[in-house]
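Participant:
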Amino acid sequence: MRGLVPGDVIAGYTVVRVLGSGGMGTVYLAQHPRLPRHQALKVLASALGADPSFRERFRREAELASRLDHPNIVSVQDAGVDEDLMWIAMQYVDGTDTAAMVRDAHGPLHPALIIDIIGQVASALDYAHAQGTLHRDVKPANILTTAGHSPGTRRALIGDFGVARLLSESTGLTGTGTMIGTLAYAAPELFSGEPLTPAVDVYALGCTFYELLTGAPVFPRSDQLAMMSAHLHAPVPRLTDSRPDLPSAFDDVIYRVLAKRPQDRFATCGELAAAASAALYENPARTGSGRTVAGPTVMAPTPQPPQPHSMPDHQPTVSAQAFPRRSGRPATAAGSTPGISGPHPAQLNPVPARRSAVGWITAAIVGVVVLAVVAISAILLVGKGDTATPVASRASETPVAERTPEPSSSDTSPSAGASPPTTPANLIGTWRGAVTGDQTGFDVVADISSVYPVRATVSYPQIGCSGTWTEQLPRRGGIIVNENITRGTCVTSQISLTPGSDGTLRYSSTYFSRSQNRDFVITATLRRG
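In my numbering, the protein residues as written are 9 to 537.
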């Protein structure tokens with residue numbers, strides 16, 4: 009079938025223009041048939057629909073992906089099969105992908121910007137892992153950025169949940185370009201047939217982190233066998249060889265996250281993000297702009313609440329088997345799981361109380377590379393050999409609009425890497441207040457156990473929801489916490505906390521209600537209780 013052109017209609021969606029294309033299909037900007045908004049409409053390659061079993065898997069994966077509801081995940085909002093076309097309607101993100109950020113950058117990107125993006129994506133992946141879902145195709149081209157909720161900030165979202173495993177299970181889509189682009193971020197266990205765990209996404213996020221900082225993949229290889237061999241056998245490169253302006257603590261972070269054995273990596277993506285943040289903010293170093301990045305004052309550690317991950321949460325410490333030091337700079341990687349940045353996600357259902365209910369998924373739904381015979385052959389043929397991302401002419405398969413300017417490496421604004429302030433230590437304790445604003449009739453109760461970063465357990469007793477708060481780092485003057493609901497049907501959100509001079513704590517949350525097609529704002533004045 010020919011490609012769609014502006015004005016074509018599929019399942020009621022009117023095509024406006026092409027956003028990008030790749031081996032899986034083409035992404036279009038489309039007008040929603042009933043609502044005054046645009047969608048990113050991914051139309052899969054028609055050859056994929058020839059297999060009835062593939063169509064059935066497509067419906068199943070799309071349904072499961074639609075249940076993921078997180079501010080840093082591109083939401084799947086509709087899907088279907090129209091004659092010979094399979095399509096997915098997704099949240100339209102007006103921005104660019106991080107592969108384009110690196111490609112278009114004039115010099116290295118500022119580490120604070122990259123750490124902020126990684127922290128947001130880590131929050132999304134840990135959320136998905138807690139629901140039993142692996143992504144298995146984490147890479148710069150699948151991470152989108154757009155303007156954040158606050159001036160000067162960026163919101164990051166990871167896309168292509170629910171379609172990656174379809175690609176890996178299909179035939180005829182493992183051409184060199186597509187395969188190499190994926191293999192650049194593939195964990196070693198993908199080649200060995202071992203049961204997959206969240207560690208595959210931790211590894212891929214580590215590869216992405218390295219590439220965003222250096223502008224090059226961890227293992228730049230030109231063919232599939234060499235790429236697989238490098239992931240299996242090649243030593244982890246020293247990041248500071250490419251970025252000597254960064255603290256040597258970054259070498260230890262990369263060394264651990266790219267460990268060959270899953271059990272030697274950080275247990276969660278959040279631990280990676282926290283260790284990266286600590287490497288920058290607790291180890292002052294000269295940045296690319298010539299400024300000094302100073303670290304914040306760190307409070308004495310306090311007991312932490314359990315985190316809602318599928319694997320036990322650990323404090324992000326660096327592996328004892330670290331890189332040899334080339335200078336006297338210490339390597340520290342203490343910290344906490346960063347949260348999210350940006351507005352709330354669009355909701356899938358009407359708002360009954362506080363935020364709309366969304367079902368939790370119970371099966372792993374995504375995947376990207378089933379390497380099978382090729383992988384085994386690589387191990388046998390290449391042995392312990394030596395150690396791609398999409399090029400500029402190829403558009404990302406993840407839906408984006410026109411690229412918006414990214415902060416440069418010499419950005420001197422506070423969001424580019426200024427030292428965050430210290431939270432008053434007297435915030436530790438239990439806080440309670442009644443919610444007002446667009447929704448009322450219930451209380452918020454928070455038990456804060458740590459102040460830098462802020463960590464707390466939170467509950468909404470009247471509506472049966474509870475979860476955790478984890479502060480987003482680096483801090484930019486205010487306190488923003490990622491709220492992860494672990495019990496009940498409330499939707500994960502972002503909360504702003506502001507200590508008052510009268511001893512109160514101001515709580516504020518803004519989120520978009522899809523059923524009402526407008527932003528909702530709820531606030532509360534919390535007092536000790």
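Every residue gets a Cβ at the ideal spot worked out from N, C-alpha and C, and that includes glycine.
When the Cα of Asp145 is compared with those of Asp124, Phe199, Ser131, Gly167, which residue comes out closest?
Facilitator: Comparing Cα positions, the closest option is Gly167.
Participant: Quick one: what's Cys215 bridged to in DSSP?
Facilitator: DSSP, once it has assigned bridges, lists no residue as partnering Cys215.
Participant: Measuring CA to CA, which of Pro119, Phe274, Pro225 is closest to Ala287?
Facilitator: Looking at the Cα atoms, Pro119 is the closest of the given residues.
Participant: For Ser131, which beta-bridge partners are listed by DSSP?
Facilitator: Paired residue(s): none; Ser131 is not in a bridge.
Participant: Tell me, please, which residues DSSP counts as bridged to Asp90.
Facilitator: Answer by DSSP bridge pairing, in chain order: Leu93.
Participant: How should Leu43 be labelled, buried or exposed, when 16 other C-beta atoms within 10 angstroms of its C-beta is the threshold for buried?
Facilitator: With fewer than 16 other Cβ atoms within 10 Å, it is exposed.
Participant: Output the distance between the C-alpha atoms of Asp231 and Gly486, rounded to the nearest integer angstrom.
Facilitator: Spanning the two alpha carbons is a distance of roughly 47 Å.
Participant: Assuming Leu165 and Ile81 form a contact by the criterion Cβ under 8 Å, report the distance between their Cβ atoms to the nearest whole angstrom.
Facilitator: Contact flag correct, Cβ pair sits at about 6 Å.
Participant: Using 8 Å for Cβ pairs, my map puts Cys498 next to Tyr460. What's the rounded Cβ distance?
Facilitator: With 8 Å as the limit, Cys498 and Tyr460 do not qualify as a contact, their Cβ atoms being about 26 Å apart.
Participant: Quick check: the Cα distance between Leu513 and Pro507, rounded to an integer number of angstroms?
Facilitator: The alpha-carbon atoms of Leu513 and Pro507 are separated by roughly 5 Å.
Participant: Which of the three DSSP states is assigned to Ala19 in this structure?
Facilitator: Correct three-state label for Ala19: coil.
Participant: Could you give the DSSP three-state label for Pro469: helix, strand or coil?
Facilitator: Here Pro469 sits in helix by DSSP.
Participant: Can the beta-carbon of Leu37 be found closer than 8 Å to that of Arg25?
Facilitator: Yes; because the gap between Cβ atoms is below 8 Å, this pair is in contact.
Participant: Take the Cβ of Pro60 as the centre, count every other Cβ of all protein chains shown within 10 Å, and call the residue buried at 16 or more, exposed below.
Facilitator: Exposed, since its Cβ has fewer than 16 Cβ neighbours within 10 Å.
Participant: Per DSSP, Thr518 forms a beta bridge with which residues?
Facilitator: Beta-bridge pairing links Thr518 to Val529.
Participant: Counting only runs that start and end within the segment 440-466, where is the beta strand (DSSP E) found for 3 or more residues in a row?
Facilitator: As far as the segment 440-466 is concerned, its whole beta strand (DSSP E) runs of at least 3 residues are 451-459.
Participant: I need the straight-line Cα distance from Arg495 to Gly472, nearest angstrom please.
Facilitator: Arg495 and Gly472: Cα-Cα distance of roughly 7 Å.
Participant: Are Gly223 and Leu266 closer than 8 Å when you measure CB to CB?
Facilitator: Cβ atoms of Gly223 and Leu266: not closer than 8 Å.
Participant: Is it right to say Ser517 is buried, meaning 16 or more other beta carbons lie within 10 angstroms of its own, or is it exposed?
Facilitator: Buried is the call here.
Participant: Between which two residues does the beta strand (DSSP E) carrying Gln47 extend?
Facilitator: That run of the beta strand (DSSP E) goes 46-52.
Participant: State the DSSP-derived secondary structure class of Met32, mapped to helix, strand or coil.
Facilitator: Of the three classes helix, strand and coil, the one that applies to Met32 here is coil, per DSSP.
Participant: Whole angstroms are fine: how far does the CA of Phe274 sit from the CA of Pro79?
Facilitator: Whole-angstrom Cα-Cα distance: 23 Å.
Participant: Using 10 angstroms around the beta-carbon of Gly475, count the other beta-carbons present and answer buried if the total reaches 16, otherwise exposed.
Facilitator: Counting Cβ neighbours within 10 Å, Gly475 comes out buried, since at least 16 surround it.
Participant: If you run the structure through DSSP and keep just helix, strand and coil, what is Pro351?
Facilitator: Low per-residue confidence applies at Pro351: pLDDT is 35, beneath 50, and the placement is therefore not dependable, though the value from the model is reported in the following sentence. Coil.
Participant: Mark Thr153 as exposed unless 16 or more other C-beta atoms lie within 10 angstroms of its C-beta, in which case mark it buried.
Facilitator: That one is buried.
Participant: Alpha carbons only, please: which of Ile18, Asp124, Ala130, Leu27 is nearest the one belonging to Arg162?
Facilitator: The shortest Cα separation from Arg162 among Ile18, Asp124, Ala130, Leu27 belongs to Asp124.
Participant: Determine, using beta carbons only, whether Ala281 and Ile126 come nearer to each other than 8 Å.
Facilitator: Yes.
Participant: Using the rule of at least 16 other Cβ atoms within 10 Å of the residue's Cβ for burial, across every protein chain shown, is Ser509 buried or exposed?
Facilitator: With fewer than 16 other Cβ atoms within 10 Å, it is exposed.
Participant: Would you call the segment 529-536 and the segment 438-446 in contact, with 3 or more CB pairs under 8 Å?
Facilitator: The answer is yes - the segment 438-446 touches the segment 529-536, with three or more Cβ pairs under 8 Å.
Participant: Looking at Leu76: is its Cβ nearer than 8 Å to the Cβ of Phe169?
Facilitator: Cβ atoms of Leu76 and Phe169: closer than 8 Å.
Participant: Buried or exposed: where does Thr448 fall if 16 or more other Cβ atoms within 10 Å of its Cβ makes it buried?
Facilitator: So Thr448 ends up on the exposed side.
Participant: So Ala97 and Leu52 are supposed to be a Cβ contact under 8 Å. How far apart are they, rounded?
Facilitator: Not quite, the Cβ-Cβ distance comes to about 13 Å (not below 8 Å), so this is no contact.
Participant: Helix or strand or just coil, what does DSSP make of Pro203?
Facilitator: Correct three-state label for Pro203: coil.
Participant: Taking DSSP as the reference, what is the three-state secondary structure of Val26?
Facilitator: Strand.
Participant: Could you round the C-beta distance between Ile456 and Ile436 to whole angstroms and report it? I think they count as a contact, below 8 Å.
Facilitator: That belief holds up - the Cβ atoms of Ile456 and Ile436 are roughly 5 Å apart, short of 8 Å.
Participant: Identify whether Pro292 lies in helix, strand or coil by the three-state DSSP scheme.
Facilitator: Residue confidence for Pro292 is low, a pLDDT of 49 falling below 50, so the modelled location carries little weight; the figure read from the coordinates is stated next. Pro292 falls in the coil class under three-state DSSP.
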